[in-house]
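In this note's numbering, the protein residues as written are 369 to 675.
For each residue, glycine too, the CB sits at the ideal point set by N, CA and C.
All values derive from a computational prediction rather than experimental measurement.
Heads up: the structure comes next, in structure tokens.
Given below as structure tokens:
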């Protein structure tokens, strides 16, 4: 039995992954937590597998022959780790760096709160800027902020699904949230098993929102932990294919809205996205982005809010 199984899904970001792994090993050494690290490589072509094998021989490396998506790969990692009987799964993006004390703070949050099933870290960009890492479940207003011009002063507000920045101060206690940023999540192993992990129908994006919805539906609470600081460089894998990444994001959002909202609200969401994407396509100068917006409009129009 171990304390923590660390699962990292990677695709063509080997230099970031090396920094991530070094920070995780350093944190395990500092805390004395007993852990194993699992890297699931989604068919990288940048030599990720060879580098991990060379530099980190104790890492459990799972090499996929294709890219099955973020959620399925994380489930692979958790399934492989289950034989070690971890108390927690620590799910990390490869473009993160764990600051000293972060993992210990996350574990402490769950240990002190028996009704807590999941916790997320306080996340910063690579240059130290604040990054929102805790959110309310998305509704129609969040779509409006992504699709149409909205007052700038409201972008960091609850209207756009954000929690107040003041809650993130390092001396603050963990606070209840709807869902964390998927770049860094600590989950009780029994909660992961009881809720079946990530829904693999979400190939990329929104997986953590859907899972958080199911975790809370099962009666567990979710927290953000300000003392758990993690750097997230952000989007290093998806930036390699920007147009497809936008299509993947909005396709996952279409699925998410159908699953967590009723027919009426999902139908309104479909109408909003269809209109908004048509406007974006009309203004787009990049042919690839124009096609992406048109494809997203078709995807949401075809859903028509149906379950």
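Inset, instruction - Write down the C-beta distance between residue 416 and residue 380 rounded to the nearest angstrom, noting that I regard them as a contact closer than 8 Å. - result: The C-beta distance from residue 416 to residue 380 rounds to 7 Å, short enough to fall under 8 Å.
Legend entry - Whole-number beta carbon distance between residue 615 and residue 660, since they are thought to touch under 8 Å: About 5 Å separates the beta carbons of residue 660 and residue 615, which is inside the 8 Å limit, making them a contact pair.
Inset, instruction - Since I believe residue 513 is in contact with residue 523 (beta carbons under 8 Å), could you give me their beta-carbon distance rounded to a whole number of angstroms? - result: A Cβ-Cβ separation of about 6 Å places residue 523 in contact with residue 513 under the 8 Å criterion.
Legend entry - Per-residue DSSP class, three states only, for residue 675: Because residue 675 carries a pLDDT of 41, less than 50, the predicted location of this residue cannot be relied on, and no value is offered for it.
Legend entry - Sequence-distant residues of the same chain with beta carbon closer than 7 Å to residue 510, five excluded per side: 528, 529
Inset, instruction - Please classify residue 443: does DSSP put it in a helix, a strand, or coil? - result: helix
Legend entry - Check whether residue 572 and residue 525 have beta carbons under 9 Å apart: no
Legend entry - Range of the contiguous beta strand (DSSP E) that encloses residue 429: 428 to 432
Inset, instruction - Give the secondary structure of residue 538 by DSSP, where H, G and I count as helix, E and B as strand, and everything else as coil. - result: coil
Legend entry - Sequence-distant residues of the same chain with beta carbon closer than 8 Å to residue 468, five excluded per side: Result list for residue 468: 394, 395, 398, in chain order.
Legend entry - Residue(s) in a DSSP beta bridge with residue 553: Paired residues: 459, 488.
Inset, instruction - Out of 562, 490, 521, state which residue places its alpha-carbon closest to the alpha-carbon of residue 547. - result: 490
Inset, instruction - Hey, could you find the ends of the beta strand (DSSP E) residue 566 is sitting in? - result: Taken as a continuous stretch (DSSP letters only), residue 566 belongs to no beta strand (DSSP E), as it is neither H nor E.
Legend entry - Boundaries of the alpha helix (DSSP H) in which residue 399 is found, first to last residue: 382 to 399
Legend entry - Classification of residue 391 by the beta-carbon crowding that lies within 10 angstroms, buried from 16 upward: buried
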